[in-house]
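**Student:**
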Amino acid sequence: MRRLNLYIDDRQTALPVSDEERALLKALFHHAVFCLIEEDAAELSVSFVDGTEIRRLNRDYRGIDRETDVLSFPLDESVDGMRLLGDIVINTERVRSQAEEFGHSYRRELTYLAVHSLLHLTGYDHMEEEEKKRMRRAEEALLASFEGAEDEAR
20 MRRLNLYIDD RQTALPVSDE ERALLKALFH HAVFCLIEED AAELSVSFVD
70 GTEIRRLNRD YRGIDRETDV LSFPLDESVD GMRLLGDIVI NTERVRSQAE
120 EFGHSYRREL TYLAVHSLLH LTGYDHMEEE EKKRMRRAEE ALLASFEGAE
170 DEAR
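Whatever position you read off the sequence shown (first residue = 1), add 19 for the working numbering.
1) Determine the burial state of Gly142: buried for a count of at least 16 other Cβ atoms within 10 Å of its Cβ, exposed for fewer.
2) Assign Tyr131 to one of two classes, buried (16 or more other C-beta atoms within 10 Å of its C-beta) or exposed (fewer than that).
3) What is the DSSP secondary structure of Ser37, counted as helix, strand or coil?
4) From what residue to what residue does the beta strand (DSSP E) around Gly105 run?
5) Cutting at 8 Å between CB atoms, please list the residues of its own chain near Leu162, excluding the five before and the five after it.
6) Residues in its own chain within less than 7 Å of Lys151 by CB, not counting five upstream and five downstream?
7) Return yes when the Cβ of Asn24 is within less than 9 Å of the Cβ of Ile73, no when it is not.
8) Look at Asn77 and Leu90 and say whether their C-beta atoms are less than 9 Å apart.
Here it is in structure tokens:
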């Protein structure tokens with residue numbers, strides 16, 4: 020059986036992460052991680068922060084002094100068969116504003132950003148046009164397959 024150690028840390032108060040959102044992310048990451056890696060065990064950390072905190076992280080680690088929606092910090096190591104993927108940091112305020120801007124739900128934006136960030140942890144990028152197309156295809160495929168798996172579970 021495949022095992023994902025998922026650590027969720029809600030470090031902000033503006034939009035507390037609900038039990039339903041935690042369950043959604045647990046299911047999403049379990050599905051997506053094992054679509055992307057060959058190992059039977061993986062570890063991943065996800066932190067929810069506000070705009071001020073993500074701006075500080077973006078400045079300190081990337082030299083970019085502005086807010087962003089999500090940051091990925093790849094570790095990409097294996098220890099005793101456990102794939103250590105790294106850390107994802109999600110700005111809940113930006114999740115909400117982008118959901119409104121793009122005309123879809125908070126849930127949809129959250130799952131998109133989670134998958135997008137996970138792809139960064141597994142080696143995807145979007146700096147070049149071809150990389151961007153490849154990453155978009157992977158995002159769409161993972162989100163569609165997750166939605167399909169959710170539908171089957173109901």
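From the three backbone atoms N, C-alpha and C, an ideal C-beta is built for every residue, glycine too.
**Tutor:** On the basis of the supplied data:
1) By the neighbour-count rule (16 or more Cβ atoms within 10 Å), Gly142 is not buried but exposed.
2) Answer is buried; the Cβ neighbour count reaches 16.
3) Here Ser37 sits in coil by DSSP.
4) Taken as a continuous stretch (DSSP letters only), the beta strand (DSSP E) holding Gly105 covers 101 to 110.
5) Once the five neighbours on either side are set aside, the close Cβ partners of Leu162 are Thr130, Tyr131, Val134.
6) Cβ neighbours of Lys151 beyond the five flanking positions: His145.
7) Ile73 is not a Cβ neighbour of Asn24, given a cutoff of 9 Å.
8) Yes. Within cutoff.
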